[in-house]
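Before any comments, here is the structure.
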Amino acid sequence: MAMVKRLLLGLFIIVVVGAIAALLFGYLSLRRSLPQTSGTLQLPGLHAQVEVVRDARGVPHLFASDEHDLLMAQGFVTAQDRLWQMELARRAARGELAELFGAQLLEHDRLMRIIGIGRTAETQYHRLPAESKAALEAYAQGVNAYLASGRHRLPLECLVLRHTPSAWRPEDCLCIMRFVSWTLCMSWAVDLTYGALAGRLDAERLAEIMPVASYAGPRIVAGADEADWRLCLEGLRTLHRARAQIGIAEVVLGSNNWALSGTKTSTGKPIVCNDPHLIFSVPPFWYEIHLSGDDIDACGVSIPGLPGISIGRNRRIAWGITNGMIDDADFFIERLDSADAHRYLRDGQWLTMTTVAETIAVKDAPAVVQEVHLTVHGPVVNDVHALARQVGKAVALRWIGHEDSDEIAALRTVLRAGSWTEVVAGLRSYGTPAQNFVYADVDGNIGYFLGGSIPRRGSAHGVLPLPGWDSKYDWQGVLPFERNPRLFNPPTGFVATANNEIWDQSKLGYLSAYWEPPDRITRITQVIEGEAPLSRADCERLQMDLLSLRAKAVIPLVIGAYERALLPDTGLVHQAYLLLRAWDCSEEQHSLACTVFHAFYRNLLHNIFADEIGEELFGHFIALPGVAFRAADQILARSHSLWFDDVSTPEKSESSDEILVKSLFDAVAELRRDYGPDIGRWQWGDVHSLTLPHAFSQAPVLGKYFDLGPYRVGGSTTTVCNLGYLLREPYHPRWGASMRMIVDFAEDRVVHFVLPAGQSGHRMSRHYADQTRDWLEGRLHATTMDRQKLLSEPHKLLVLQPETGKGGYRVP
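Here the sequence shown stands for residues 204 to 1015, where the numbers follow the numbering used here.
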């Protein structure tokens, strides 16, 4: 027995020591994957030496002799920190995720192959001017220099998947740019949703909820049949399933920016602010960087996988962007030949679709061949063979993202620009996604410009799918660049955008009907137009503002309806009513009334719309929060509406009071069911908790390791501090400020930034989540562009050297 015990003890010791050794080996292996941030590295292809100075937050400051070396070094350092994110983005754009994750991502890949971002990028690259090609090639060269450093430098995600990324191509950058444009395209979901609604509703009900081109809010510059409906609904199903696979199932858009002239600031100098609202992720969407070399000296944020800087400042100017919400895509219903589903009618003649075969690799399964059918309008986005046999029609997409443009040239020009005139001239080549650019400079000027191509439509604007067989509905190219909306030094002393209407479309022409509700822009304008001049600190507070103007507008309606109903003054519903009546409409974490309001408003939308359009289509409808909110606004503005009648009951209700009170009762029942009968436990921060998700978020164990959170937060999509949740899956925020930036021209060569997580995509890096607490609490950090000041503070220095015998970077 003693010998057995000794053997068991020895075996136990061996197992424990082995486990410790394995853990230690794994830990050291993971540590080796962290990027080298000090010392010297040789990068073949550099013209001269480049200095990479990383500050206390891991932000790289690149000092080079020419643009080639600057962009090559940018590609290298971005790959050091964000290679996994870059690999995921290019595969998502090209429709190559099933090769990594298996058949569960196949539907996404099928849709992306049909849309053809990869095909478009390949074609457009060869049409670019030499300067844009050179910029893309230099960046790709830097990424590939990092890939050449060896498998031990790959991020943990690649090791888990046993995946080695292939060489980076310049075309991959264009794919990522077009994929960003696709995720910001409202038309994808809005047009199909309203096409499906047109097949379910009578003309009067449809007219009440159609997205109108104009609405009451601040401006920046002051007939489907049953077959068509079935096609649209099938397209919606495909779109939402595919987007859900990569975590972007809903059309969740938003962003704020503003530029203040010196007349509106406490220092007399301009201020530029920006907080783009995107889907939350770890690592964050943006990568902060400072580029200095040749005639470039700019600091801002870039998109990992793209050269240059998208938002930021140089020595003379600063700029910020928000989504322009332009209607940049249309769906065309194509009539097919009953004898040949590849032939479609066009002005009385039968044309034959072009067919492209796309081979999709699938992990642990045979490859799948996806046939793509192309018409004069673009790709057919429904399954033409299955559905066309049933109804004799197909849906083709016309999208501005398939058109030629050169965003690289535009952003290269803005990087160097020293004046408003130079910025506007540079944006001439910018096509997609259409963005609201706000601007300020050291001379005290401010401005606004809508950068992007705007479709010039034929006989109708494209909220509903259009007849593809009649060319009078075709696009007539794009609007002349000179017609793009703009402002320069307006007498108001500021410009501001929050995805709101740009100009009076009844007089100046159609741009879109997809504007966000005016809640955020109205609040921003209220604060800016206040009497006191604003400081940088005031702007930080405005970015974190939690006052809901939507709640202020809607709560009096439900309070009035409840009081007119003469209900008993006891029970949970009455307590909820008292909370709403006393609430100041600030969506703080501790607020109980805020929780009641959001539950009420969700139930209000359901009670207005679901009985008429059905649960499935209602789910697609509320996937467009801004559109659904505006439709509800249009209905609630009427004292009587057909939408107030519950078609599932024999009673007829032509007043809003009944539906408002019912929605409050339904909200309280929902909250009691989900969070218990103690109303004191319904705090908004508990219900509305934020988790920053990683791509492995759904994986057992790994998800908890890579994700960040949960964190208690306030706000919602109705507040300037946008923390929006899916109306179909309340109430956890899925999108919000993907970064915050403030440039105060009272400070020389300084930019203030904060990210939701950190600079690094490596889980073991101290910069993986070192900005999260600041982001949650609204604090920004100062990033200097002054090299001497940078070197006087805590930093790490990495010197990138060319091949032996090449020159070196000299500090000016």
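Note that the Cβ used here is the ideal one computed from N, Cα and C, for glycine as well.
Quiz item: Counting only beta-carbon atoms, is Phe304 nearer than 9 Å to chain C?
Solution: Looking at the structure shown, chain C is missing, and only one protein chain is on hand.
Self-check item: Touching by the beta-carbon criterion (3+ pairs, under 8 Å), the stretch 461 to 472 and the stretch 689 to 702
Solution: yes
Quiz item: Taking the alpha-carbon positions, what's the Ala597 to His355 distance?
Solution: A direct Cα-to-Cα measurement between Ala597 and His355 gives close to 49 Å.
Quiz item: Leaving out five residues before and five after Gln593 in sequence, what residues of the same chain have Cβ atoms less than 6 Å from its Cβ?
Solution: Unreliable positioning characterises Gln593 in this predicted model, as indicated by a pLDDT of 43, which lies under 50. The coordinate reading is nonetheless provided below. Here the set comprises nothing.
Self-check item: Status (buried if at least 16 other CB within 10 Å, exposed otherwise) for Met988
Solution: Result: buried.
Self-check item: Beta-carbon contacts of Pro1080 that lie in its chain and below 8 Å, excluding the five residues immediately before and after
Solution: No information on residue 1080 is available, as it lies outside the stretch 204 to 1015 that the chain covers here.
Quiz item: In this structure, what does DSSP give as the bridge partners for Arg516?
Solution: Cys502, Ala521
Quiz item: Can you tell me whether His943 is buried or exposed, with buried defined as 16 or more other CB within 10 angstroms of its CB?
Solution: For the record, residue 943 in the displayed sequence is Arg; it is not His. By the 10 Å Cβ count, Arg943 comes out buried.
Quiz item: Using CA coordinates, which residue listed in Phe535, Trp553, Ile536, Cys361 is at the minimum distance from Ala542?
Solution: The candidate whose alpha carbon is nearest that of Ala542 is Trp553.
Quiz prompt | Sequence-distant residues of the same chain with beta carbon closer than 8 Å to Ile816, five excluded per side | solution = Leu400, Arg403, Leu404, Phe824
Quiz item: Roughly how many whole angstroms lie between the Cα atoms of Tyr349 and Gln638?
Solution: Cα to Cα, the separation comes out at about 32 Å.
Exercise. Could you check the C-alpha separation between Ala341 and Ser369 for me, to the nearest Å?
Key: 17 Å
Exercise. Determine the closest residue to Leu760 out of Thr852, Trp706, Lys865, Val666, with distance taken between C-alpha atoms.
Key: Put simply, of Thr852, Trp706, Lys865, Val666 the residue whose alpha carbon is nearest the alpha carbon of Leu760 is Lys865.
Practice problem: Grab the span of the beta strand (DSSP E) containing Leu554 for me, first residue to last. | Solution: 552 to 555
Quiz prompt | Same chain, Cβ closer than 7 Å to Gln837, neighbours up to 5 away in sequence not counted | solution = Glu411, Ile412
Self-check item: Option in Ser241, His250, Thr525, Thr243 with minimal Cα separation from Pro1005
Solution: His250
Self-check item: Beta carbon of Asp533 nearer than 9 Å to that of His580
Solution: Yes, these two residues count as a Cβ contact at 9 Å.
Quiz item: By the 10 Å Cβ neighbour count, where 16 or more other Cβ atoms means buried, how is Glu561 classified, buried or exposed?
Solution: The residue is buried, with at least 16 neighbouring Cβ atoms inside 10 Å.
Quiz item: With 16 other CB atoms within 10 Å as the buried threshold, where does Gly888 fall?
Solution: buried
Exercise. Let me know if Ser315 comes out buried or exposed under the rule of 16 or more other beta-carbons within 10 Å of its beta-carbon.
Key: It should be pointed out that residue 315 corresponds to Met in this sequence rather than to Ser. By the 10 Å Cβ count, Met315 comes out buried.
Exercise. Let me know if Pro880 comes out buried or exposed under the rule of 16 or more other beta-carbons within 10 Å of its beta-carbon.
Key: Pro880 sits exposed, since fewer than 16 C-beta atoms from the chains shown fall within 10 Å of its C-beta.
Exercise. With Pro759 as the anchor, note down where its alpha helix (DSSP H) starts and where it stops.
Key: Pro759 -> alpha helix (DSSP H) spans 752 to 767.
Exercise. Rounded to whole angstroms, what's the CA-CA distance from Cys376 to Leu509? Just pull it up for me.
Key: 5 Å
Self-check item: Minimum C-alpha distance to Pro414 - residue among Val256, Glu254, Pro479, Phe832
Solution: Phe832
Quiz item: Are Val485 and Asp910 closer than 9 Å when you measure CB to CB?
Solution: yes
Quiz item: Taking three-plus beta-carbon pairs below 8 Å as touching, is the stretch 768 to 775 in contact with the stretch 895 to 907?
Solution: no
Self-check item: For Val346, the first and last residue of its enclosing alpha helix (DSSP H)
Solution: 333 to 350
Quiz item: In this structure, does DSSP put Ser484 in helix, strand or coil?
Solution: coil
Self-check item: Supposed close pair Arg300, Asp312 - CB separation, criterion 8 Å
Solution: Note that residue 300 is Leu in the sequence shown here, rather than Arg. Between Asp312 and Leu300 the Cβ distance is about 6 Å, and since that is below 8 Å, they are a contact.
Practice problem: Output the distance between the C-alpha atoms of Gly523 and Ile474, rounded to the nearest integer angstrom. | Solution: 11 Å
Quiz item: Do you know whose CA, among Phe652, Gly647, Gly629, lies nearest Phe640's CA?
Solution: Phe652
Exercise. Using three-state DSSP, classify Tyr717 as helix, strand or coil.
Key: Coil, per DSSP.
Quiz prompt | Backbone CA spacing between Glu704 and Leu387 [nearest angstrom] | solution = 16 Å
Quiz prompt | Per-residue DSSP class, three states only, for Lys999 | solution = Note: Lys999 maps to strand in three-state DSSP.
Exercise. Please check the pair Met747 and Pro507, which I expect to be a contact at CB under 8 Å, by giving their CB distance rounded to whole angstroms.
Key: The pair is not a contact, with the Cβ atoms about 26 Å apart (cut-off 8 Å).
Quiz item: What residue does the beta strand (DSSP E) around Trp461 start on, and which one ends it?
Solution: It spans 458 to 463 - the beta strand (DSSP E) in which Trp461 sits, taken as one unbroken run.
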